[in-house]
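This is the structure in structure tokens:
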């Protein structure tokens, strides 16, 4: 695999701008791309990161830094960026208060009057968010 640096990519990028090859994603997970060569042949370009170094390889006859790698590198950067953005954010820890509210809502019997109605009747509020944690514990204990 070849190490990708600004110095090694300069000529390959210039050539890619001239040729404008088509790049198709084969596997975003494996960072593998199909790139059309200047004569219509299709070459496979693969990327990897090892020890903080960005690496690439192409199965074209050039065996060095080629425009196929430069063209696929641009697509790889965009694809990996989109994948990072689409990845779900780690869930925030649930507080005890949030847990109590969730448990009350899930445990509230369907045969009883609506929760908001009962809260208004008993506490003069229509949502659990206005109750203190000790009150929430009391409500949960009463319906459990």
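Numbering (this note's numbering), first residue to last: 1455 to 1598. All C-beta atoms, glycine included, are put in the ideal place defined by N, C-alpha and C.
About 7 Å separates the Cβ atoms of residue 1555 and residue 1590, confirming a contact at the 8 Å cut-off. By the Cβ-count criterion, residue 1530 is buried, with 16 or more other Cβ atoms from all chains shown falling within 10 Å of its own Cβ.
The criterion of a C-beta distance shorter than 9 Å is not satisfied by residue 1478 and residue 1502. For a cut-off of 8 Å, the C-beta gap from residue 1463 to residue 1511 is around 14 Å, too long to register as a contact. Counting C-beta pairs closer than 8 Å gives three or more between the segment 1516-1523 and the segment 1485-1500, which meets the contact rule. Residue 1590: member of the alpha helix (DSSP H) spanning 1587-1597, first to last residue. Assigned with DSSP and collapsed to three states, residue 1481 falls in strand.
Residue 1496 has 1490 as its beta-bridge partners, per DSSP.
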